[in-house]
Amino acid sequence: MRKATLTTTLLACILLLPGCGKKAGSGPQKVDESKPIAEIKAKAAKMDVEQLRAVAKKYKYALTARQAEVKKLPESFAKIPLTEKLGKEAQALTADIDNLMKSVNALSERFGVYYDQIKAKGGELKDLEL
Numbered sequence: 607m608r609k610a611t612l613t614t615t616l617l618a619c620i621l622l623l624p625g626c627g628k629k630a631g632s633g634p635q636k637v638d639e640s641k642p643i644a645e646i647k648a649k650a651a652k653m654d655v656e657q658l659r660a661v662a663k664k665y666k667y668a669l670t671a672r673q674a675e676v677k678k679l680p681e682s683f684a685k686i687p688l689t690e691k692l693g694k695e696a697q698a699l700t701a702d703i704d705n706l707m708k709s710v711n712a713l714s715e716r717f718g719v720y721y722d723q724i725k726a727k728g729g730e731l732k733d734l735e736l
C-alpha cells in the first residue's frame, strides 16, 4: 500500500511538472509563499501593471526553481535499492516531495493572483506563461 502511494506521488510529480526550468537572464528572487491570499489580493489590486509584472516574474522564477527540484527527486528515489523502498530514506524522500508540492501549490496560487490582476488590467501576459 505504501509502495503504491509513493509510486503514485512520484508519478504525479513527474506528470504535473514537465518542461519547466531556469531561463536565461533570470536571477534569484525571494517571494513569500506563506503570506495570506487575501493580503496578496488587496496589495495586488493597488498595483499598476508594471509592478504586478515584476512581482509575477519573481513568483514565476520561484515556481520554476521548485519544479526543477521536484524533477530531481525521482532520480534520487530510483537510486534507492528495492529492499529499502519503504525504509527511512524513502520516507524522507516522500516527505521532501510532499513539502515541495505544497510549496509549488502555494507559489502557484500566489502567482495566479498577480497574473489575474495583470489580465484584468489589460497587461501583456506573453512572458508570464508557465
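Heads up: the sequence shown runs through residues 607 to 736, numbered per the working numbering. Just so it is clear, CB atoms sit at the ideal spot from N, CA and C, and this is done for glycine as well. Computed from a prediction, not measured in an experiment: that's the story for all the values here.
Between L734 and the set E656, K677, I646, the nearest pair of CA atoms involves E656. For G718, the enclosing alpha helix (DSSP H) starts and ends at 694 to 726. Counting along the chain, T670 sits inside the alpha helix (DSSP H) bounded by residues 655 to 684. Contact annotation: G729 and L658 have beta-carbon atoms nearer than 8 Å. Annotated three-state conformation of E735 is coil, per DSSP.
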